[in-house]
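**Q**
Residue numbers (this note's numbering): 2 to 116.
#1: Taking residue 62 as the reference, give the member of 13, 112, 97 and 115 with the closest Cα.
#2: Where do the N-terminal and C-terminal ends of the alpha helix (DSSP H) with residue 1 fall, by residue?
#3: Less than 9 angstroms separating the beta-carbons of residue 94 and residue 84?
#4: Would residue 39 and residue 69 qualify as a contact pair, given that the criterion is a beta-carbon distance under 9 angstroms?
#5: In chain order, what residues of the same chain have a beta carbon less than 6 angstroms from the beta carbon of residue 57, not counting five sequence neighbours either side?
#6: Can you tell me the Cα-Cα spacing of residue 22 and residue 78, whole angstroms?
#7: Shortest alpha-carbon distance to residue 80 belongs to which of 37, 90 and 53?
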């Protein structure tokens, strides 16, 4: 199993640098790859803030990626639910992840301080 960083995923999804796209595609499509939740969060952030990709496109693109037989993620129910919350509401991905975690684990409270 291989672990890849956010740039591998970004180059694969964006296809903006040919050489790096081909390198990332070779790994993502041919090896079992584990994507840590922190890397997924970084990918969401960069797509949204740097590339101004709409939230719904981020969600659908990542959900499609997670369906690859070579891709595995930790806590898939929570990550997928977080992407849906993120895309369907005006909430950042980190908050969506917390909300999804609380719902999935059936915890009674989420304590948060907002300015």
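All residues carry an ideal CB built from backbone N, CA and C; glycine is no exception. Since the model is a prediction, treat every value here as computed from it, not as a measurement.
**A** Let me spell this out:
#1: 13
#2: Given a span of 2 to 116 for the chain in the structure shown, any question on residue 1 remains unanswerable.
#3: yes
#4: no
#5: 88
#6: 28 angstroms
#7: 37
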